[in-house]
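Here's the structure, in structure tokens; my notes come after.
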Amino acid sequence: MDHSDREYVSAAINFFWGDGTASPESVNERSAEVVYTAVTESQSCSASMDLVPRPSGSKPGISYIVKQVAGIGKNIASGNSQTYYICKLQVSQNFRSEIHMALKGI
Numbered sequence: 002m003d004h005s006d007r008e009y010v011s012a013a014i015n016f017f018w019g020d021g022t023a024s025p026e027s028v029n030e031r032s033a034e035v036v037y038t039a040v041t042e043s044q045s046c047s048a049s050m051d052l053v054p055r056p057s058g059s060k061p062g063i064s065y066i067v068k069q070v071a072g073i074g075k076n077i078a079s080g081n082s083q084t085y086y087i088c089k090l091q092v093s094q095n096f097r098s099e100i101h102m103a104l105k106g107i
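The numbering of the sequence shown is this note's numbering, which starts it at 2 and goes up by one.
Quick look at the structure:
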């Protein structure tokens, strides 16, 4: 994961769990997986959310996940965060512990 990907993944994390939750330096592959799952759940909650395409078949590989989450972070950083607020709140609550543990490498 390059620095640009880390910046965008941290933007996606901070979108759900508040500014300051993740810095680019604290982002790892596990935290990208957690935020990918959170965004996927938010997508299910909000029919209008158009940030992540759903891959067909089994769980995608880590390079696909990082690419998609980095794209989401890029959209969020540019102000495009089309999701219902209630969905954002529910997803952030459901994955709060998991994202904090992932950022700590646990």
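Every residue, glycine too, gets a C-beta built ideally from N, C-alpha and C.
For residue i, three-class secondary structure by DSSP
i: F96; result: coil
i: I107; result: coil
i: K89; result: helix
i: K75; result: helix
i: N29; result: coil
i: N2; result: Strictly speaking, residue 2 in this sequence is Met, with Asn absent from that position. Note: M2 maps to coil in three-state DSSP.
CB-CB length for residue i against residue j, believed under 8 Å
i: S98; j: F17; result: Incorrect: roughly 13 Å between the Cβ atoms, too far for contact.
i: A12; j: G74; result: 4 Å
i: S32; j: V10; result: 7 Å
Close-in-space but distant-in-sequence residues of the same chain around residue i (CB under 7 Å, 5 per side omitted)
i: V35; result: F96, E99, I100 and A103
i: Y37; result: I66, Q69 and V70
i: H4; result: P25
Close beta carbons around residue i, own chain, < 6 Å, minus the five adjacent residues each side
i: C46; result: C88
i: M2; result: V67
i: E30; result: I63
Length of the line joining the Cα atoms of residue i and residue j
i: T41; j: I107; result: 22 Å
i: D20; j: S59; result: 32 Å
i: S79; j: P25; result: 17 Å
i: V28; j: Y86; result: 24 Å
i: L90; j: N76; result: 19 Å
i: I14; j: A39; result: 9 Å
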